[in-house]
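Enquirer: Take the sequence shown: its letter number 190 is residue 172 in the numbering used here, and every next letter is one higher.
Idealized CB from N, CA, C, for every residue including glycine.
I'd like to ask you about the structure that follows.
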Amino acid sequence: MREWMKSCRLCPRACGADRTHARGVCGANDRIEAARASLHMWEEPPISGTRGSGTVFFSHCSLGCVFCQNRQISRREAAGKELSIQTLAQTFLSLERQGAHNINLVTGAHYVPQIIEALAIAKGQGLSIPIVYNSSGYESLDTLRLLDGWIDIYLPDYKYYSSYYAARYSHAADYREIAVGAISEMVRQTGVPQYDSDGLLTRGTVIRHLMLPGLAGDTAQVLRDIAARFKDTALVSLMRQYTPFDMQDWPELDRTITDAEYAEACALFRDLGLGGFFQQSEAVSESFIPVFDGTGLEDTEKWKPY
């Protein structure tokens, strides 16, 4: 698996970096870096449940959204705690012991070979809860195929329909083409959503769309495309939690979503016959962003501050 690191093609950027000696475009080298592992109550209800989703926040990201709420850990210059594969496996097991309903891997595409090794170790030691892959939607098909059989629930974004907005705000004009292909592969792997007797999701794909200020038309196109492609095979989460931080360079994004904007999108969601989740206005709060201080990542390796 580690051979994937020597000329990296794990994400659609396909930068070809030898991550055993340097960092890729995403900012990651071949050592796992993460910033938090904890029970997380702010995912969709059948994922967080009553005890929380066992969430591991990985450092770095291949996409680079200008509005990223996890920018402390997603940017190329960000750091985190270096973890061995064995320690990551023990982190998964610790979260299960704490009562997590599932293991939630947040932005882990650039660590997929190591994650698979860690999952193999943890499952060999008794890990039995579902595995969630929480993704920007900007994923390589080859990397997703590595995960086939390891992931129970996919939680991808579908951020943009327009290549203009995708290029302007995430530096990825090819975002929609990549995301649609990636989500199709995720749905192929998981099949239709399945639940346990407590109403918790055990298998399936939940497509997230975060509304952005002024992009109501793009949101409408995203929802229509989801309905055309995935209405009967995936759930949809329509999110209004966008919170602007330090957006002086992007004044058009320097506000939250209005009640009227969200209500209009919810009406279209219903008209299209989509199934899934809406979000209350209380979700628009900085307090919903975790503290990335290394919580839950116990190891002898030195913590590197942000």
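In this structure, does DSSP put residue -12 in helix, strand or coil?
Expert: Note: residue -12 maps to coil in three-state DSSP.
Enquirer: Where do the N-terminal and C-terminal ends of the beta strand (DSSP E) with residue 170 fall, by residue?
Expert: Unbroken run through residue 170 is the alpha helix (DSSP H), 157 to 172; no beta strand (DSSP E).
Enquirer: So residue 17 packs on residue 62, CB below 8 Å; how close in whole Å?
Expert: Sure, about 4 Å apart at Cβ, within 8 Å.
Enquirer: Rounding to the nearest angstrom, what Cα-Cα distance links residue 154 and residue 110 in this structure?
Expert: Going from the Cα of residue 154 to the Cα of residue 110 covers about 36 Å.
Enquirer: Which partner residues of residue 16 appear in the DSSP bridge assignment?
Expert: For residue 16, which the question treats as bridged, DSSP gives the partners 40, 63.
Enquirer: With distance defined between alpha-carbon atoms, name the residue in 140, 36, 129 nearest to residue 206.
Expert: With distances taken between Cα atoms, residue 206 lies closest to 140.
Enquirer: In the DSSP output, which residue or residues are listed as bridge partners for residue 186?
Expert: DSSP, once it has assigned bridges, lists 135 as partnering residue 186.
Enquirer: I'd like to know whether the C-beta atoms of residue 42 and residue 2 end up nearer to each other than 9 Å.
Expert: Cβ distance not < 9 Å, so residue 42 and residue 2 don't count as in contact.
Enquirer: Could you spell out where the beta strand (DSSP E) holding residue 114 opens and where it closes?
Expert: Looking at the DSSP string, the run of the beta strand (DSSP E) that includes residue 114 is 113 to 117.
Enquirer: Could you give the C-beta distance for residue 307 and residue 164, rounded to a whole number, given that I count them as a contact under 8 Å?
Expert: Examination of residue 307 is not possible in this model, given that the chain is present from -17 through 288 alone.
Enquirer: Where residue 231 and residue 106 are concerned, what is the direct C-alpha to C-alpha distance, given to the nearest angstrom?
Expert: Those two C-alpha atoms are separated by around 49 Å.
Enquirer: For residue 252, is the classification buried or exposed, using 16 other Cβ atoms within 10 angstroms of its Cβ as the cut-off for buried?
Expert: Residue 252 should be labelled exposed.
Enquirer: Please report the distance separating the alpha-carbon of residue 100 from that of residue 23.
Expert: If you take the alpha carbons of residue 100 and residue 23, they lie about 24 Å apart.
Enquirer: CA-CA distance, residue 156 and residue -7?
Expert: So the alpha carbons of these two residues sit roughly 13 Å apart.
Enquirer: Short check: CB of residue 82 to CB of residue 35, under 9 Å?
Expert: Yes, they are a contact pair.
Enquirer: Suppose contacts are defined by Cβ-Cβ distances below 9 Å. Is residue 29 in contact with residue 39 by that definition?
Expert: No; because the gap between Cβ atoms is not below 9 Å, this pair is not in contact.
Enquirer: Please go through the same chain and pick out, in chain order, the residues whose beta-carbon is closer than 6 Å to the beta-carbon of residue 171, but skip the five residues on each side of it.
Expert: Here the set comprises 130.
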